[in-house]
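Its first residue numbered 1, the sequence shown is counted upward by one per residue in the UniProt record's numbering.
Quick reminder that beta carbons are idealized off the backbone N, C-alpha and C, glycines included.
Have a look at the structure below, then the notes.
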Amino acid sequence: MRLTERRPLLQVLKPYIFVFDGQLALIIFLILSLGTVTVYSAGIDFPGRVEDHLRNVLVAFVVMWIAAIIPPQSLMRVAVPLYTVGVALLIGVAAFGLVKKGARRWLNVGVVIQPSEIMKIAMPLMLAWFFQKREGMVRWQEFAIAALLLVIPVGLIAKQPDLGTAILVMAAGFYVIFLAGLSWKVLVGLVLAAAGSMPVVWSLMHDYQRNRIMTLIDPTTDPLGKGFHIIQSTIAIGSGGIPGKGWLKGTQAHLEFIPERTTDFIFAVFSEEFGLIGNSILLFLYLLLIGRGLYIAANAPSFFSRLLAGAVTLIFFTYAFVNMGMVSGILPVVGVPLPFMSYGGTALMTLGLGTGILMSIQRHRKLVQS
Numbered sequence: 001m002r003l004t005e006r007r008p009l010l011q012v013l014k015p016y017i018f019v020f021d022g023q024l025a026l027i028i029f030l031i032l033s034l035g036t037v038t039v040y041s042a043g044i045d046f047p048g049r050v051e052d053h054l055r056n057v058l059v060a061f062v063v064m065w066i067a068a069i070i071p072p073q074s075l076m077r078v079a080v081p082l083y084t085v086g087v088a089l090l091i092g093v094a095a096f097g098l099v100k101k102g103a104r105r106w107l108n109v110g111v112v113i114q115p116s117e118i119m120k121i122a123m124p125l126m127l128a129w130f131f132q133k134r135e136g137m138v139r140w141q142e143f144a145i146a147a148l149l150l151v152i153p154v155g156l157i158a159k160q161p162d163l164g165t166a167i168l169v170m171a172a173g174f175y176v177i178f179l180a181g182l183s184w185k186v187l188v189g190l191v192l193a194a195a196g197s198m199p200v201v202w203s204l205m206h207d208y209q210r211n212r213i214m215t216l217i218d219p220t221t222d223p224l225g226k227g228f229h230i231i232q233s234t235i236a237i238g239s240g241g242i243p244g245k246g247w248l249k250g251t252q253a254h255l256e257f258i259p260e261r262t263t264d265f266i267f268a269v270f271s272e273e274f275g276l277i278g279n280s281i282l283l284f285l286y287l288l289l290i291g292r293g294l295y296i297a298a299n300a301p302s303f304f305s306r307l308l309a310g311a312v313t314l315i316f317f318t319y320a321f322v323n324m325g326m327v328s329g330i331l332p333v334v335g336v337p338l339p340f341m342s343y344g345g346t347a348l349m350t351l352g353l354g355t356g357i358l359m360s361i362q363r364h365r366k367l368v369q370s
């Protein structure tokens, strides 16, 4: 009677341990390291802030690991249920959500959650699944349906109001639609239509949203009020010069001139302390991150995974561009964190999930090839 040979433990566990893409993991580690150093400096007056940040990084790492194990085929199967649940929760927020600081963004389902965060991943998943089912026969009707699937959650999020998250979800869905083959002629038409509808959009905006745009145009009109954030952040960026003032030596941050300095405005703290040299390194790391993500997307084995990887990568670009733009005074101030730099639990988990999806696509491509 032959005994079944037992496989070595390492060989059994290998598919569940070595799941990370080495290049992508290294880039993320370097950005997280810069972020942790900056959070320590920015949050030195907030006891426990660094410990909380490290805990959030660990949770994001676990989420990344789980996502990297799940094959793209399984992600396809959860696309429709996740999108449906996300929209249902957004409707629940609109009906009986919790109100904090004038915004209705949270829902108590035993624990307090922010359903709009779910849509940052659910939206590209849903649209990538939708176009995968119609690969090779995508017509204008399909693009119209996809646009409707996108507009519904974006409208619900904008109504909360949460302009920053609405922009990110809109961008995530748009990237999938564009990568699915949206014509440049249609894109130009949409841009012209959007420009023509600006008076209507302006009338639908809340007062604080209009104030943000007017403050962007000339922050000196209210230097101690609505223009304070932009003025102080640009002073911090400029005062860093080429070499920076040095770690823990940023005056704008430590004299509490920079608002939200561990979250939305952490780029101002980093710029002041590490200067142009530090910013160049950070921008280079983001370029590497985006380049690696686009490489994974270009080599993905299926239409679904190509669309999903491309959209996730461009979401990272949107996070970084919008955050740096608003802190530098070239975009209105919206609540968008700097990816893998800003303090925050939910955003880090979302970013970790997106990175894990990229790693899953790359890992299973290699498994298919082997």
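Alpha carbon to alpha carbon, what distance is there between residue j and residue i?
i           : j    : result
F340        : I281 : 14 Å
L3          : F303 : Model confidence at L3 stands at a pLDDT of 47, short of 50, so the residue's coordinates are unreliable; what they give is reported in the following sentence. Cα to Cα, L3 sits roughly 44 Å from F303.
N211        : G22  : 45 Å
M1          : P71  : Residue confidence is low: M1 scores 42 on pLDDT, short of 50, so the model does not pin down where it sits. No coordinate-derived value is stated.
A236        : G244 : 10 Å
V59         : P81  : 24 Å
Q362        : A300 : 7 Å
F229        : P259 : The sequence shown places His at residue 229, rather than the Phe named in the question. If I take the Cα positions, the gap works out to 6 Å.
F316        : F274 : 22 Å
I266        : G241 : 17 Å
W65         : A311 : 20 Å
G110        : G97  : 13 Å
L30         : S41  : 17 Å
L287        : I118 : 26 Å
S271        : L34  : 12 Å
Q73         : K226 : 48 Å
K178        : H254 : Reading the sequence as shown, one finds Phe at residue 178 and not Lys. Spanning the two alpha carbons is a distance of roughly 43 Å.
M76         : A347 : 23 Å
L107        : P115 : 7 Å
A320        : L283 : 9 Å
residue 372 : Q252 : Here the chain covers residues 1 to 370 and nothing more, so residue 372 does not appear.
A194        : K133 : 29 Å
G189        : V200 : 17 Å
V19         : G354 : 14 Å
L156        : G102 : 16 Å
R365        : V191 : 36 Å
H53         : G43  : 10 Å
A180        : A309 : 12 Å
A158        : D207 : 14 Å
L182        : G196 : 21 Å
R55         : R261 : 19 Å
S305        : M349 : 21 Å
M205        : V327 : 22 Å
Just to confirm, are residue i and residue j a CB contact at a threshold of 7 Å?
i    : j    : result
P124 : A79  : no
L358 : I296 : yes
T263 : P337 : yes
A128 : V186 : no
V169 : K120 : yes
I231 : P223 : yes
L68  : G356 : The amino acid occupying residue 68 in the given sequence is Ala; Leu does not appear at that position. In contact: A68 and G356 (Cβ atoms closer than 7 Å).
R105 : D45  : no
I330 : T313 : no
A122 : Y83  : yes
I28  : L285 : no
Who pairs with residue i in a beta bridge, going by DSSP?
i    : result
N108 : V112
L98  : W106
Can you round the beta-carbon distance between residue i and residue j to whole angstroms, since I take them to be within the 8 Å contact cut?
i    : j    : result
W184 : V37  : That belief does not hold up - the Cβ atoms of W184 and V37 are roughly 43 Å apart, past 8 Å.
I167 : V322 : 7 Å
Y343 : V99  : Contact flag wrong, Cβ pair sits at about 24 Å.
Q160 : V93  : 7 Å
V269 : G238 : Incorrect: roughly 14 Å between the Cβ atoms, too far for contact.
F174 : L307 : Contact flag wrong, Cβ pair sits at about 12 Å.
G345 : G164 : The Cβ separation is near 16 Å, so there is no contact.
V57  : L32  : 6 Å
Segment contact, 8 Å Cβ cut-off, at least three pairs: the segment 77 to 91 with the segment 140 to 148:
no
Would you check if there are 3 or more beta carbon pairs closer than 8 Å linking the segment 149 to 162 to the segment 131 to 138?
no
Is there contact here, the segment 44 to 55 with the segment 277 to 291, by at least three beta-carbon pairs under 8 Å?
no
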